[in-house]
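Numbering (this note's numbering), first residue to last: 164 to 696.
Backbone N, C-alpha and C define an ideal beta-carbon position, used for all residues, glycine too.
As the structure is a prediction and not an experimental result, all values here were calculated from the model.
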């Protein structure tokens, strides 16, 4: 059995809002009724104790304890263990999820860390949902407050359930294979397969987080574009090549039909490729094996049209108006066949608008396929509209040929990272591309290292004990020796919001990169800083 508890608006108690059971008996029904609409003050009951400590709490459900008044009812229902998992974001506590088990579950550090990580992720998602709710309330004046509350509650429940499932699924494979590799000696073939599974699921989790961050930046209007004259043919072909292995795996006939000669449009090539890639991934997802997906590129007098058509599942007429809504899916039930957060098409729609264009969808109904069409303007006059949509953050640049990649030979890098595993990974990866590296696990160690060894670049985490990365860069910039005070620095951190990037740059870092980082991208960033200096 599990139940969701949320802190009340006045923050004086925590209430049970929802329960789930896997089997029913009279004793369990009695216990469920004792939970529903129940409230506890901080420090009372399992929810109140979790609230007080803001950490996972175990209860063996044995003996008597005045702080846990439901122990006897839980034991009578056949439960032998109870676990409370906090839902929080930084110092803000939202509520908790409690689990009751008929088995005796021991308290282990790995499980504690997992619960804390999951609770933190859910807390961030709940915070985003609060922001979204407030935004919709301001933009939709004609709706009543009661209608807004009901809709927000419904979306919250679906959102929490979906996010929990989508994050747990790849995490299950990652943790499972990691434990197997620690405990067992695998043959080379099985070990390689395990590593590929871990890598593939890590990429899936990274994509989920990227989608959430992209959506957050689009919602807040802080999404700059780099606009260049771009070959539409090259962008479409690049997106198709990315998904071609997926098409081959499902025996899908993937074709491209260029109905016009190669043309150029002023756009952000990377983001337009992201749009086409999202549309292709969506088409592949809902197209059965041996199906067909066609990409068609055509032009009119003032726009280019990129269409992705499939002969797959199709879209019900009632859902067509909601296809591009955030966190909306045609099937959001527990029996749905396709995974995802329901963000891909919302990101597509927002990116199209930022380019001064739009995206449309047509479908004749279930089982009759669907067609998504991206409309992009061809004229440069649209740049003014794009500039307004993107909040003025548009860089119109010309394309220069890329120089050949130069390895980081003879480049000295000081890595400041308090997490030993992360520090060792960066040390090993950057050494592999020719760099000379030294690790410092705190700001004080970093300053000691700078007194004895002069790097070309400083690579620093932000969140560290005692002193953080902001303190480090401030101390470096205030050094009297210009060789140290002028050192290029990159903030490499899990603090990946747009405002985190702004703060890092304004504090003195030259670049802000979010974890998990692609080693090739990090290498190119370091190269650019060293070359510029």
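Inter-residue Cα distance where the pair is residue 244 and residue 212: C-alpha separation (whole angstroms): 16 Å.
According to the Cβ coordinates, are residue 246 and residue 231 closer than 8 Å? In terms of Cβ geometry, residue 246 and residue 231 do not form a close pair [threshold 8 Å].
Measuring CB to CB, does residue 257 end up less than 8 Å from residue 217? No, these two residues do not count as a Cβ contact at 8 Å.
Would residue 171 be called buried (16 or more neighbouring beta carbons within 10 Å of its own) or exposed? It counts as exposed.
Answer with buried or exposed for residue 518, where buried requires no fewer than 16 other C-beta atoms within 10 angstroms of its C-beta. Flag for residue 518 reads buried.
Quick one: Cα of residue 679 to Cα of residue 595, how far? In a straight line, the C-alpha of residue 679 is about 18 Å away from that of residue 595.
Residue range of the beta strand (DSSP E) that includes residue 536: Unbroken beta strand (DSSP E) run through residue 536: 533–540.
Completely contained alpha helix (DSSP H) runs for the region 646–690, where each covers 4 or more residues: DSSP runs (the alpha helix (DSSP H)) wholly in the region 646–690: 661–670.
Taking the alpha-carbon of residue 541 as reference, which of 425, 301, 193 has the nearest alpha-carbon? It is 425.
Helix, strand or coil at residue 221 according to DSSP, with G and I counted as helix: Residue state, collapsed to three classes: strand.
For residue 518, which of helix, strand or coil comes out of DSSP? The answer is coil: DSSP assigns residue 518 none of H, G, I, E or B.
As assigned by DSSP and simplified to three states, the class of residue 405: Under the three-state reduction of DSSP, residue 405 is assigned to helix.
Enumerated in chain order, which unbroken segments of the alpha helix (DSSP H) with a length of 4 residues or greater are wholly contained in the region 383–444? Those alpha helix (DSSP H) runs which fall completely within the region 383–444 and span 4+ residues are 395–412.
Taking 7 Å as the limit between beta carbons, can you name the residues of its chain near residue 337, skipping five residues before and five after? Close CB contacts of residue 337 within its chain, under the 7 Å cut and outside five residues either way in sequence, are with 361, 364, 365 (chain order).
Residues in its own chain within less than 7 Å of residue 406 by CB, not counting five upstream and five downstream? Cβ within range, chain order: 440, 443, 444, 447.
Report back the beta-carbon spacing between residue 215 and residue 206 to the nearest angstrom; my notes put them in contact at under 8 Å. Between residue 215 and residue 206 the beta-carbon gap is near 4 Å, inside 8 Å, which marks them as a contact.
Enclosing beta strand (DSSP E) for residue 617 [first to last residue]: Where residue 617 is concerned, there is no enclosing beta strand (DSSP E), because DSSP gives it neither an H nor an E.
Between the alpha carbons of residue 343 and residue 351, how many angstroms are there, rounded? Residue 343 and residue 351 have their C-alpha atoms some 14 Å from each other.
What's the C-alpha gap between residue 647 and residue 617? Rounded to the nearest angstrom, the two C-alpha atoms are 7 Å apart.
Any 3 or more C-beta pairs closer than 8 Å across the region 504–516 and the region 450–457: With a cut-off of 8 Å, the region 450–457 and the region 504–516 do not count as touching, because too few Cβ pairs lie within range.
Which partner residues does residue 168 have in the DSSP bridge list? According to DSSP, which records beta bridges pairwise, residue 168 is partnered with 179, 259.
Are residue 264 and residue 242 close, meaning C-beta to C-beta below 8 Å? Yes. Within cutoff.
If you drop the 5 nearest sequence neighbours on each side, which residues of the same chain put their C-beta closer than 7 Å to that of residue 394? Counting only Cβ-Cβ distances below 7 Å, and skipping sequence neighbours, we find 425, 427.
Based on DSSP bridge pairs, tell me the residues matched to residue 268. Answer is none; residue 268 lacks a bridge partner.
Once you ignore the five residues that flank residue 562 on each side, which residues in its own chain have a CB closer than 6 Å to its CB? Note that residue 562 scores a pLDDT of 37, beneath 50, so its modelled location is shaky and nothing firm can be said.
How many angstroms separate the CA atom of residue 233 from the CA atom of residue 208? In this structure, the CA atom of residue 233 is about 7 Å from the CA atom of residue 208.
Could you tell me whether the region 174–192 touches the region 274–292, using the rule of 3 or more Cβ pairs below 8 Å? By the Cβ criterion, the region 174–192 is not in contact with the region 274–292, since fewer than three pairs of Cβ atoms, one from each stretch, lie closer than 8 Å.
For residue 675, count neighbouring Cβ atoms within 10 angstroms of its own Cβ and tell me buried if that reaches 16, exposed if not. Burial is judged here by how many other beta carbons sit within 10 angstroms of a residue's own beta carbon; residue 675 has at least 16 and is buried.
With 16 other CB atoms within 10 Å as the buried threshold, where does residue 417 fall? That one is buried.
Taking C-beta to C-beta, are residue 431 and residue 388 nearer than 8 Å? Taking 8 Å as the cut-off, the beta carbon of residue 431 is found closer than this to the beta carbon of residue 388.
Quick check on this structure: which residue in 575, 526, 655, 292 has the alpha carbon closest to the alpha carbon of residue 472? Selected option, being the one with the closest Cα: 526.
Check each candidate in 625, 686, 670, 529 and name the one with the smallest Cα separation from residue 591. Considering only alpha carbons, the answer is 686.
Can you list, in chain order, the residues of its chain whose CB lies under 6 Å from that of residue 656, leaving out five sequence neighbours each side? These residues qualify, in order along the chain: 624, 625.
Between which two residues does the alpha helix (DSSP H) carrying residue 244 extend? It is not in any alpha helix (DSSP H) - residue 244 instead sits in the beta strand (DSSP E) that spans 244–252.
Buried or exposed (CB count within 10 angstroms, at least 16 for buried), residue 603: Answer is buried; the Cβ neighbour count reaches 16.
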